[in-house]
Structure formats: structure tokens, C-alpha cells
Ligand SMILES: Nc1nc2c(ncn2[C@@H]2O[C@H](COP(=O)(O)OP(=O)(O)OP(=O)(O)O)[C@@H](O)[C@H]2O)c(=O)[nH]1
Ligand SMILES: [Mg+2]
Ligand SMILES: [Zn+2]
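In C-alpha cells, the structure reads:
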């Protein structure tokens, strides 16, 4: 017999969930313990985040309450549509920015770029369903011949459908096209330090001086090398996020079967492998490897895919 043990009552049934309090806001930047939150009128407040909430990132939508005319508290971080993330030193997922529709990978010939990193960014974008865009900045430093060569080398990306723009903040080459590409989207500029991400933001935002001044008064941060991921509004719709340059960009852990989805040109072949769990590296009867052999998938892209598969399996064994 014995009395049936009473189920511990879950807090959810004993206590009504706290009503989501506060007004909607947009996180423009996050640094240390403070988030800069913009309210619907465009006023910016320094906000702390209530305990037990996830760390906010640039682009987060939140519910918050003002505590005094310039400060407030974030009560809730609303669900993120998309999150761009990278692993931290301990291989934990660290979000960089949220609610993005486009990831604009900025490259330049100075500093020179690496195709492996470009591919890792493109994969990161594909895996979160954000549209990748490739921007080759500092086009003023390219003569006709070197521009032509670079266009050819980047041709595979155009062939698989990625928008590709050459820009210069010096000559304004390509800026109109870039503006058109960014309009009414939320886009983040990513890439190595010094490729000109902030210069592009400045070129696209005529009143940025005011904005940068206002923000750095609050943050006390300088305005040269970017240290904090920051969101700006484009004058006729859309948001543009400037991010600090990176030395390298690594992907967060992705299950082996998922990684191939980051390479959009593999897509037509993914159902055609002999093994349903094919990782497309050394398996027999692999449709992806066949496509590489017959030239329908670029060897360079496939090599970068292979490298990623290997890198992932070595981190997951750690
Ligand atoms: N020649 C040339 N130089 C440029 C162009 N755009 C930016 N630069 C220069 O490149 C340098 C770096 O520019 P930033 O805009 O600070 O680069 P960034 O990518 O924001 O760098 P981080 O914030 O460190 O990631 C500056 O000296 C700019 O003047 C361009 O179109 N052509
Ligand atoms: Mg910058
Ligand atoms: Zn395969």
C-alpha cells in the first residue's frame, strides 16, 4: 500500500508566471553589464539586465522599464529570430548579434583575406538562414587587371548565387548598390579588422557623427578600431550593425550532417548519396564527391568543407 508520494508541485502551477512587464526596446549595443536600449521614440537608455536572463546582444528585442530619465532595467529578452554566434575560448557558444537577415562579409586586398574565413562566414549565415553578401571594399586600390583577377576568383560565389559588390569609401564606387542591398533589412558587417566596415557605415549614414558622438559619450569608448558591436538605423529603412574586426572566425559546433547545408551548392546533391548519414568526405557512392569530381562543385569550396568537418570532429572529441 503506502501513501502515494505527492508529486512536488511545479512552481509553474503554484505561481502565476510574472507578467512580462515593460515597454519594447531594441538593444543597440552591449558592453560589460550595461546594454544601450532604444525605446520606440528613439531615446537611448543605459540598462542593466535582470538576473537569470541571458546576456543581451546587439539587435535583441527586449521588454524593459525605465528607472530614471536615462536608465532602466531589462525584464525580458524576446525570442531571437536568428543569432550569429561564435565559440568563446572555452568553446561555449557566444552570441554576437541577434535578429539578422543579412550577413555582409567585408573583405579587401589590404589586409589580404583568406577564402577559408570567407567560407566560414558564409556557412554561418546559411546555417541561421541569413542572406550572405560579399563586399570587396577598397576597390580604389585595385587597378583594372587586379580587379578583374579578383572578380574571376570570386566568380564561384556569384555562380552559386551570392550577391557580390565592389565598394570604395574613397571614390564612393558601389555605395549606391550597397545601400540598395541593405535597405529595409537588418544586416551585420563582419570581417577582419581594417577592411573598412566602420568606414562603410559612416559613408552610408550622413548623420553618423552625431550618433557616434552621442553613443561614445555614454560608453566612453573611442571611435577608431571598433570594440563594441553597434546597431545603426539607415536613413530610409533598415538597420546596419557594425562589429569589431576579427583575426579569425570559427564556427560553433555543428552536427556532421548539418554542416553540408552551409554549402548551398551541395544542396542539389544531398539526397543522392548511398548512405543516408553520408558526411561527404570519404564515403563510397557519395553524390557530393561525384559532383566535385565532375566539376559541378568547386574543389576549393569542397576542401574548405572537408577542413571544417575535420575541425569539428577534433573539437567534439576534446
Ligand atoms: N583605400 C581605401 N581605404 C579605406 C576604404 N575604406 C576604409 N579605408 C581605410 O581603412 C582603414 C580601416 O578602416 P575602418 O573602417 O576603421 O576598418 P574596420 O573594418 O572598421 O576595422 P575594425 O573596426 O578594426 O574592425 C582606415 O584607415 C580607412 O580610412 C576604402 O574604400 N579605400
Ligand atoms: Mg570598425
Ligand atoms: Zn555524400
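In the working numbering, the protein residues as written are -18 to 299. A virtual CB, placed ideally from N, CA and C, is assigned to each residue, including glycine.
query                                                                                                                                : result
Give a single yes or no on whether residue 270 has its beta carbon closer than 7 Å to a heavy atom of ligand 3.                      : yes
Give the secondary structure of residue 46 by DSSP, where H, G and I count as helix, E and B as strand, and everything else as coil. : strand
Residue ranges of each alpha helix (DSSP H) run of no fewer than 4 residues wholly in the stretch 36 to 97, ordered along the chain? : none
Applying the 10 Å Cβ sphere with the 16-neighbour rule, what's the burial state of residue 208?                                      : exposed
May I ask you to check if the CB of residue 119 is nearer than 7 Å to at least one heavy atom of ligand 2?                           : no
With distances taken from CA atoms, which of 161, 181 and 164 is nearest residue 170?                                                : 181
Give me the Cα-Cα distance between residue 316 and residue 24, rounded to the nearest whole angstrom.                                : One cannot answer for residue 316 here, as it falls past the ends of the chain, which runs -18 to 299.
Quick one: using the 10 Å Cβ neighbour count with 16 as the cut-off for buried, is residue 41 buried or exposed?                     : buried
Can you look up residue 168 in the DSSP assignment and give me helix, strand or coil?                                                : strand
Provide the residue span of the alpha helix (DSSP H) that contains residue 139, from first to last.                                  : 136 to 140
What are the start and end residues of the beta strand (DSSP E) that includes residue 145?                                           : 144 to 147
At a cut-off of 7 Å, is residue 127 close to ligand 2 when judged by its beta-carbon and the heavy atoms of the ligand?              : no
What residues are listed by DSSP as bridge partners for residue 295?                                                                 : In DSSP, residue 295 forms no bridge with anything.
Tell whether a beta-carbon distance below 8 Å holds between residue 35 and residue 58.                                               : yes
From residue 52 to residue 112, what distance separates their C-alpha atoms?                                                         : 35 Å
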